[in-house]
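Just below is one structure, and these are the notes that go with it.
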Amino acid sequence: MHFQIEKSPLLNAINVVEKAISSNNPLQILAGVEIDVNKKHLTMTANNLEIAIRTTIPCNTLKPGKAILDGKLLTSLIRKLPEDNVVFEMKDKQVIITAGTMEFALNIITEDEFPAFPDCNEKILALTDYELHRLAQNSLFAAANDDMRPVLSGVLLEISDGKLNFVATDSNRLSFVQANTGEILSSDLHLIIPSKSLNELMKCLPLDETMIEVFYGNNQLAFRFDNTIFTTRLIEGNFPNYRPVIHTEQAITVVMKRHQLLQAIDRASLFDRGGSQPVIIQVTDGVLEIGMSTELGKSSEQFNVEHSGENGSSAYSPKYILDMLRTTDCDQIAFKFETGPRQALIKPADSDDHLYILMPMRI
Amino acid sequence: MGTIMHVDMDAFFAAVEILDNPQYAGKPVIVGGHKDSKRGVVSTCSYEARKYGIHSAMPISRAVALCPHGIFIPGRMKRYQEVSAQIHAIFPKFSPIVEPLSVDEAFLDMTGCEHFYSSLEQMGQTLKNEIRKQTGLTASVGIAPNKFLAKLASDWEKPDGLFVIRTHEVQEFLQDLPVSKIWGVGKKSEQALHQLGLYHIHDILPHSEQWLVDRLGSLGTHIYYLARGIDHRPVEAEQEVKSIGHEVTFHDDQTSFPFLRSQLGQMAEKVGWRLRNHGLYARTITIKVRFHNFRTITRSHTVQNPFCDDDTIFSEALHLLENEKLEPVRLLGVSVTNFTTDLQLSLFDERDQGEKLSQVMDQINRQFTHGTITKGRTLLNDLD
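These protein sequences, in sequence, are chains A and B.
Those letters in the first sequence? Residues 217 to 579, by the working numbering.
Those letters in the second sequence? Residues 100 to 483, by the working numbering.
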């Protein structure tokens, strides 16, 4: 193996592949990155058995070949190289990397074959990187962050009635996001993507109106964009039947500026040091009152809001409301709720493509 | 010799319903479920309902069969707790040492307070009057030299009762009572006593403590003293609970994971039982492991959702134990902390299921003997 390449495309490629380098698996090969050079291209692959990423970029090949190097070392080294030409050359059991007057000899960590790259054949979707990012970002935060209930620790990718939805819930709150654009090529489908994978995928997206093609097969999902394939294992099991918990009609509707509500609840939650106290939300004839009372003291704020329906009050975990308000980027939000043990709905005031359902706290 | 007062509200939940709905007065009121409830059980019923043979823990469907025209009410726990708080607020005016037993029951240590009253009867009457004035409800009061006798006394003239047992009257009061009246004697122990020919307390008196211990084990000591009206348990004023836990030291160091798992199962049930009896929800679970060489570790996990069911305690504790590299274990403990009474409700009703299951098991264990019903996972002691 012998090739020459510019630092900048090399860095972009390793920054993507790095997301699949294992940091804690005892199998040493999973901490590696495979470098495979053919006549015109360099292909880099990492695979931690949860996520596998492969990316291909052009290079000047002098001699084809392949080698597995320590992923962490290779990534850090490329980041710290000056903007310059970089040459890779395999000699004996080392790969020599030279840039200007610098020379580094990296030991090949194994001669074994890299784990097979997951194979997904059935194309199910095509959508832009922006839309995928929006779906992931607005759902991910609501997934359970413990591993006691595996199906809730992921995000449901649902194709149903010709619509694409991302849904996540930790069983106390639920976020439902519907795609507005994109091409759906599959019939009804329910796949649960591990939260960690989706999170890493979001970081890899170019966010420049690139089309992402999504493939499914062998309990794996593959996202293909530019010259990269990102695959993830799926979570087995059944996502709870969430449709019945989505109520869009509530007795009280309040419309107000997202920032205003966010900041008020943020201030109230200063009084909740243990993270378990409820914030009380009360609406009386167009005046919204937000308050919290704990052993540290109490907070109270009032606003004039657009109010329709009854007067009433209820109590919620401030964290759950803040999670939603911090993630969405709309200007005006609608907050619909009822007095009593019934779920509330928070959504952008002018659209229904993101519905956030949360249960109150019993006080 | 002390003076202990036991206060027990009469048919409490039913009485609160009658208080709030005067038209129910004099009618059979059954709290616990709707008339068409298939699975509810009677939680409390008015004395009129008891005349039909209805009693607590009976299935609602059976109660409906016995008394079709009865007033069946699902129950309003929040309201009962409100009245309970009113009642419990009265006790500290009478004694600094109060041990609340449940929503409608408490022991008061009145030792040293006797001279404030012209007689023990007047002491009891004063408390009954105060409860009636503040809440409109009747209570039964028993006054005796210790907790065991005070509880028997409050039950003696129920409802609206007041009964005093003085030291010199104890023996006479006790001797003809059936053995089932002895505190701690449930259905199983009762049978064991009957097999020995012990039907009444006076049947126990001729036997030595050793004779009883030889035949009944530690229960022997217990009934030897109680049959003589001797009970040294103090009235324990409730302190704010910060942690509830259990631990066991093993006779031999243990290496079997299935055994340790079953021990966690047993401890989870004990901790869960106490947690629910305090009406609390916890958010943090901690295990303590002491190894053969006395190295001791504690590991904790805090969850988002407050819990009070055995399953959550067990699975979280097991998870913590599984993450440890195990050497032979000398001591194992489970505790829960970080209590809250505010409760995040669930969208899918899944947590409620665990909680309901634990509550049903509690009810069964309360009615029969402790351990009547348990989870299979607690019984794997012999597996290796």
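Quick reminder that beta carbons are idealized off the backbone N, C-alpha and C, glycines included.
Everything numeric in this text was worked out from a predicted model, so none of it was measured.
So, are the CB atoms of residue i and residue j less than 8 Å apart?
{"i": "S492 (chain A)", "j": "P534 (chain A)", "result": "no"}
{"i": "I284 (chain A)", "j": "K235 (chain A)", "result": "no"}
{"i": "K309 (chain A)", "j": "I294 (chain A)", "result": "no"}
{"i": "I103 (chain B)", "j": "K280 (chain B)", "result": "no"}
{"i": "L356 (chain A)", "j": "L414 (chain A)", "result": "yes"}
{"i": "T477 (chain B)", "j": "Q353 (chain B)", "result": "no"}
{"i": "K255 (chain A)", "j": "M217 (chain A)", "result": "no"}
{"i": "A358 (chain A)", "j": "T385 (chain A)", "result": "yes"}
{"i": "V303 (chain A)", "j": "Q220 (chain A)", "result": "yes"}
{"i": "E416 (chain A)", "j": "N435 (chain A)", "result": "no"}
{"i": "I549 (chain A)", "j": "I481 (chain A)", "result": "no"}
{"i": "M575 (chain A)", "j": "Q443 (chain B)", "result": "yes"}
{"i": "S253 (chain B)", "j": "V106 (chain B)", "result": "yes"}
{"i": "L380 (chain A)", "j": "I400 (chain A)", "result": "yes"}
{"i": "N443 (chain A)", "j": "T555 (chain A)", "result": "no"}
{"i": "V461 (chain A)", "j": "I562 (chain A)", "result": "no"}
{"i": "S515 (chain A)", "j": "G528 (chain A)", "result": "no"}
{"i": "H133 (chain B)", "j": "P173 (chain B)", "result": "yes"}
{"i": "N241 (chain A)", "j": "F330 (chain A)", "result": "no"}
{"i": "T500 (chain A)", "j": "N354 (chain A)", "result": "no"}
{"i": "G433 (chain A)", "j": "E338 (chain A)", "result": "yes"}
{"i": "M306 (chain A)", "j": "G287 (chain A)", "result": "no"}
{"i": "F390 (chain B)", "j": "R332 (chain B)", "result": "no"}
Where DSSP assigns a beta bridge to residue i, which residues make up the other side?
{"i": "E526 (chain A)", "result": "None, per the DSSP bridge assignment."}
{"i": "R398 (chain B)", "result": "B:I386"}
{"i": "A262 (chain A)", "result": "A:I269"}
{"i": "V302 (chain A)", "result": "A:I221"}
{"i": "S509 (chain A)", "result": "A:K514"}
{"i": "H570 (chain A)", "result": "A:V393"}
{"i": "S434 (chain B)", "result": "B:G344 and B:T385"}
{"i": "N276 (chain A)", "result": "A:Q220"}
{"i": "I400 (chain A)", "result": "A:L341"}
{"i": "M577 (chain A)", "result": "B:Q443"}
{"i": "S376 (chain A)", "result": "A:K379"}
{"i": "L322 (chain A)", "result": "A:V311"}
{"i": "T500 (chain A)", "result": "A:V503"}
{"i": "L207 (chain B)", "result": "B:M104 and B:V197"}
{"i": "L356 (chain A)", "result": "L356 (chain A) pairs with nothing; no bridge assigned."}
Give me the chain A residues within the contact set of residue i, using Cβ-Cβ distance strictly less than 9 Å, ordered along the chain.
{"i": "V402 (chain B)", "result": "D362 and M364"}
{"i": "S217 (chain B)", "result": "By Cβ distance, chain A contributes nothing, its closest Cβ being about 44 Å from S217 (chain B), past 9 Å."}
{"i": "S414 (chain B)", "result": "M364"}
What residues from chain A crowd round residue i, counting only those whose CB sits closer than 8 Å?
{"i": "D441 (chain B)", "result": "S492, Q493, P494, A531, M577, R578 and I579"}
{"i": "S183 (chain B)", "result": "Those within 8 Å of S183 (chain B) in chain A number zero; the least Cβ separation is about 17 Å."}
Which chain A residues sit within Cβ distance under 7 Å of residue i?
{"i": "R382 (chain B)", "result": "S492"}
{"i": "E355 (chain B)", "result": "Residue 355 (chain B) is actually Ser in this sequence, not Glu. Those do not exist, as S355 (chain B) stays about 25 Å from chain A at its closest Cβ, beyond 7 Å."}
Taking C-beta pairs closer than 8 Å, name the residues in chain B that residue i reaches, listed in chain order.
{"i": "D386 (chain A)", "result": "Q403"}
{"i": "I562 (chain A)", "result": "Correct list: empty, because the minimum Cβ distance to chain B is about 14 Å."}
{"i": "V383 (chain A)", "result": "What V383 (chain A) touches in chain B: nothing, since even the nearest Cβ is about 12 Å away."}
{"i": "I573 (chain A)", "result": "L446"}
{"i": "S461 (chain A)", "result": "First, the amino acid is wrong: residue 461 (chain A) is Val here, not Ser. Per Cβ cutoff of 8 Å: L446 and F447."}
How would you list, in chain order, the residues of chain B whose beta-carbon sits under 7 Å from the beta-carbon of residue i?
{"i": "P456 (chain A)", "result": "F447"}
{"i": "Q559 (chain A)", "result": "L446"}
{"i": "L390 (chain A)", "result": "L446"}
Between residue i and chain E, is the shortest Cβ-Cβ distance under 8 Å, so that the two count as touching?
{"i": "A395 (chain A)", "result": "You won't find chain E in this structure, because its protein chains are A and B."}
key: contact_flag[the segment 458-474 of chain A, the segment 511-525 of chain A] where n(CB pairs < 8 Å) is 3 or more   = yes
inquiry  = Would the segment 340-359 of chain A count as touching the segment 413-430 of chain A if we require 3 or more Cβ pairs under 8 Å?
reply    = yes
ask   = Does the segment 412-419 of chain B come close enough to the segment 459-472 of chain B that 3 or more CB-CB pairs lie under 8 Å?
value = no
task = Entirely within the segment 211-298 of chain B and at least 4 residues each: give me those alpha helix (DSSP H) ranges in chain order.
result = 219-234, 246-255, 269-274 and 286-294
task = Ignoring anything shorter than 4 residues or poking outside the segment 300-347 of chain B, list the alpha helix (DSSP H) runs there in chain order.
result = 300-303, 308-315 and 317-326
message = Below 8 Å, how does it come out for the segment 277-291 of chain B and the segment 342-354 of chain B: are there three or more Cβ pairs, yes or no?
response = no
key: Whole runs of the beta strand (DSSP E) within the segment 415-441 of chain A, excluding any shorter than 3 residues   = 427-433 and 436-441
key: Residue ranges of each alpha helix (DSSP H) within the segment 138-190 of chain B, 4 or longer   = 146-149, 159-165 and 176-189
key: Inside the segment 444-484 of chain A only - beta strand (DSSP E) runs reaching at least 3 residues   = 444-449 and 468-473
query = Is there contact here, the segment 245-260 of chain B with the segment 296-312 of chain B, by at least three beta-carbon pairs under 8 Å?
reply = no
message = Check whether the segment 366-379 of chain B and the segment 429-437 of chain B touch, using three or more Cβ-Cβ pairs below 8 Å as the test.
response = yes
inquiry  = Within 8 Å, do at least three Cβ pairs link the segment 137-145 of chain B to the segment 111-128 of chain B?
reply    = yes
query = Within the chosen definition, does the segment 401-413 of chain A reach the segment 443-458 of chain A through at least 3 CB pairs nearer than 8 Å?
reply = yes
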